[in-house]
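A.B. asks: Below you will find the structure I want to go over with you.
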Amino acid sequence: MGSRSRSRFSETPAIGCPELALSVSGVIAQSFYARAIRRPKTEEKVTLETVACNLCGSRRYTTVYEMPDVRLFPDEYFTVVECNECGLGFVNPRPDRQEIQKYYPRDYYQNEESASFARYLRKRFTQQARYLKEVEERPGPRKLLDVGCFNGEFPRFMAARGWDVSGVEISEASLRITEFPVFTEEFNEIPVHAPAYDAITAWAVLEHVHDPMAYFQKASQVLKKGGLFVFQMPNFVSTASRCLFWEDVPRHLYFYTRETVAQYLEKTGLVLEQEDNRGNVYRSSPASWLPYMVRTRLQRKSFTYKDKPLSSKEFRKVHHLQRGITAGLKYLAYSPASVVDRMLWPALEAVQILRKTYGSSTYVARKP
Ligand SMILES: [Zn+2]
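Offset between the sequence shown (1-based) and my numbering: plus 69.
This is the structure:
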């Protein structure tokens, strides 16, 4: 068991993705919202590290886009690249394991406390649990390790379904967990070295870590034969992830596709069984899709972060407007394409799910 005395964010970024969890509607409004809030510039200069591809080791990559830390430091821009050899997406250069602590604000770990949010969580956990149904139906005791378990809500939900649960959580959120064991170091450093678990889950975790390969290796090492590794992450094939500045950089460091996930699994002795590309766990809105299409297809121009219109919420904040008809009309005048865009979301999402280009994917892998 890891020590609980480690200071907050003592070494590494927090795992888990509560900024997604905060969004009941599934619209990833939190990070976009932060764009409208001007914060002071970073006081100290951050040293960035340039890294090779975590999946294949190549140092040849191409820039996909640049965007700022919309949540905390709107003046700090980061570059997302794609490996020329294997297609893995990653922030490069990036804050190292020490520096990244600066990018995890204290309120990163606060969940909304309301009845509607509790209902949303129950619904999401029920969806998540479906991926473990096969193991759940096996006779005898079954052990689950939830990596990036935050304040323990998902393991608690699974314990109620008869699982023997434990978690991994490096942030202070783990302090609130008393009913089951929690490792407080990074997953790849936990003191378990033999197959011990029937299932391992990682919901919105692998985009946050500095060394995803170490996480896949560890999952393979500590899973029992026939056990499942279930993980959810952004889909780098999606327009939302690649073109619409949806990602929460630099907290999101890695961006995956079905192909790159398959390679990680192959290299670590796991077998891909299922890819679910739809919004059943986390929804991903195609916000700004129409302005993006108008600019890139009709006007034949590039679509940079600065070309992305403010959301209506950001617009109201910037112009100190209350929600209402006046604000609505002003927003319509500011960006008519965004208003039409919002109406198109349900249709766009349906098309994305059909084409497997939805912004979020869940994978199920097995230890053979
Ligand atoms: Zn690569």
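The C-beta atom is built at its ideal place from N, Cα and C for all residues, glycine as well.
Run the CB neighbour count on P281, radius 10 Å, all protein chains shown included, and call it buried at 16 or more, exposed below.
C.D. replies: Buried, since its Cβ has 16 or more Cβ neighbours within 10 Å.
A.B. asks: Bridge partners of R435, per DSSP?
C.D. replies: Note: R435 sits in a beta bridge opposite L297 and V340.
A.B. asks: Indicate the three-state DSSP secondary structure (helix, strand or coil) for R364 in the structure shown.
C.D. replies: Here R364 sits in helix by DSSP.
A.B. asks: Check whether the region 406 to 423 and the region 345 to 357 touch, using three or more Cβ-Cβ pairs below 8 Å as the test.
C.D. replies: Because the criterion of three Cβ pairs below 8 Å is met, the region 406 to 423 and the region 345 to 357 touch.
A.B. asks: Take L213 and list the residues in its own chain whose beta-carbon comes closer than 8 Å to its own, dropping the five residues that flank it on each side.
C.D. replies: Excluding residues within five positions, the ones whose Cβ falls inside 8 Å are L201, P224, M227, W232, D233, V234, S235, Y266, D267, A268, I269 and T270.
A.B. asks: Which residues does DSSP list as the beta-bridge partners of Y323?
C.D. replies: According to DSSP, Y323 bridges with F159.
A.B. asks: Would you call the region 409 to 421 in contact with the region 284 to 299, where contact means no fewer than 3 C-beta pairs closer than 8 Å?
C.D. replies: Result no; under three Cβ-Cβ pairs closer than 8 Å.
A.B. asks: DSSP three-state label for K425, please.
C.D. replies: Residue state, collapsed to three classes: coil.
A.B. asks: Should L157 be counted as a contact of ligand 1 given a C-beta to heavy atom distance under 7 Å?
C.D. replies: It does: the Cβ of L157 is within 7 Å (strictly closer) of some heavy atom of ligand 1.
A.B. asks: From L117 to V150, what distance separates their C-alpha atoms?
C.D. replies: Cα-Cα distance, rounded: 15 Å.
A.B. asks: Between which two residues does the alpha helix (DSSP H) harbouring A271 extend?
C.D. replies: That residue, A271, is in no alpha helix (DSSP H); its beta strand (DSSP E) goes Y266 to W272.
A.B. asks: Since K212 sits in a beta bridge, which residues does DSSP pair it with?
C.D. replies: Looking at the DSSP assignment, K212 forms a beta bridge with D233.
A.B. asks: Thinking just about the alpha-carbon of each residue, which of L341, L124 and S307 is nearest to the one in L297?
C.D. replies: Ranking the options by Cα distance to L297, first place goes to L341.
A.B. asks: Among the residues of its own chain, which have a CB less than 8 Å from the CB of R175, if the five just before and after it don't count?
C.D. replies: Nothing listed; no residue qualifies.
A.B. asks: For a test of your reading of the model: does the CB of L124 fall under 7 Å from any non-hydrogen atom of ligand 1? Yes or no.
C.D. replies: Yes, ligand 1 has a heavy atom inside 7 Å of this Cβ.
A.B. asks: Comparing alpha-carbon positions, which option in A434, S310, R163 and N153 lies nearest Y374?
C.D. replies: If we check each option's Cα against that of Y374, S310 comes out closest.
A.B. asks: Tell me the DSSP secondary structure of S381 in three-state form.
C.D. replies: Three-state result, S381: helix.
A.B. asks: Using the Cα positions of F324 and N304, report the straight-line distance between them to the nearest angstrom.
C.D. replies: Answer to the nearest angstrom: the Cα atoms are 7 Å apart.
A.B. asks: How would you write the range of the alpha helix (DSSP H) that V291 sits in, first residue to last?
C.D. replies: P281 to V291 is the span of the alpha helix (DSSP H), which, as asked, contains V291.
A.B. asks: Is any non-hydrogen atom of ligand 1 found closer than 7 Å to the C-beta of S429, if you look at the structure I gave you?
C.D. replies: Not so, every heavy atom of ligand 1 lies at least 7 Å from the Cβ.
A.B. asks: Is C218 near ligand 1, judged by its Cβ being under 7 Å from some heavy atom?
C.D. replies: Result no, Cβ not under 7 Å from ligand 1.
A.B. asks: Check S79 in the structure and name its three-state DSSP category.
C.D. replies: Low local confidence applies: a pLDDT of 31 at S79 is under 50, so the model's placement there is unreliable, and no value is given.
A.B. asks: Answer yes or no: does any C-beta atom of chain C fall closer than 8 Å to that of D176?
C.D. replies: This model lacks chain C altogether, as it is built from one protein chain only.
A.B. asks: Leaving aside the five residues before and after C218 along the sequence, list all residues of the same chain whose C-beta is less than 6 Å from its C-beta, in chain order.
C.D. replies: Closer than 6 Å at Cβ, skipping near neighbours: P224, G236 and E238.
A.B. asks: Spell out a yes or no on whether the region 329 to 336 and the region 375 to 388 are touching, meaning 3 or more CB-CB pairs, one atom from each, closer than 8 Å.
C.D. replies: As far as the Cβ criterion goes, the region 329 to 336 does not touch the region 375 to 388, which means the pair count is below three.
A.B. asks: Based on the DSSP secondary-structure assignment, which residues constitute the bridge partners of V139?
C.D. replies: Bridge partners of V139: none, in fact.
A.B. asks: Specify whether the region 313 to 323 and the region 382 to 392 touch according to this definition: at least 3 beta carbon pairs, one from each stretch, less than 8 Å apart.
C.D. replies: The answer is no - the region 382 to 392 does not touch the region 313 to 323, with fewer than three Cβ pairs under 8 Å.
A.B. asks: Excluding the 5 residues preceding and the 5 following W272 in the sequence, name in chain order all residues of the same chain whose CB lies nearer than 6 Å to its CB.
C.D. replies: Cβ neighbours of W272 beyond the five flanking positions: Q301.
A.B. asks: Alpha carbon to alpha carbon, how far is G95 from R163?
C.D. replies: Confidence is the limiting factor: at G95 the pLDDT is only 33, short of 50, which leaves the residue's position unreliable, though a coordinate-based value still follows. Near 27 Å, if we compare the C-alpha coordinates of R163 and G95.
A.B. asks: Grouping DSSP H, G and I as helix and E and B as strand, with all else coil, what is S183?
C.D. replies: The answer is coil: DSSP assigns S183 none of H, G, I, E or B.
A.B. asks: Leaving aside the five residues before and after E203 along the sequence, list all residues of the same chain whose C-beta is less than 8 Å from its C-beta, in chain order.
C.D. replies: If we look at E203 and ignore the five residues flanking it on each side, its Cβ neighbours are L297.
A.B. asks: Buried or exposed: Y177, going by 16 or more other Cβ atoms within 10 Å of its Cβ?
C.D. replies: Classification of Y177: buried, given that the 10 Å Cβ count is 16 or more.
A.B. asks: Since N161 contacts V120 with CB under 8 Å, what's their CB separation in whole angstroms?
C.D. replies: With a Cβ gap of about 6 Å, N161 and V120 count as contacting.
A.B. asks: Whose CA, out of D215, C312 and Y172, lies closest to the CA of R364?
C.D. replies: Here the closest residue by C-alpha is C312.
A.B. asks: Could you name the residues of the same chain whose beta carbon sits closer than 8 Å to that of E205, not counting the 5 residues immediately before and after it, in chain order?
C.D. replies: The answer, listed in chain order, is A198, R211, R230, G231 and W232.
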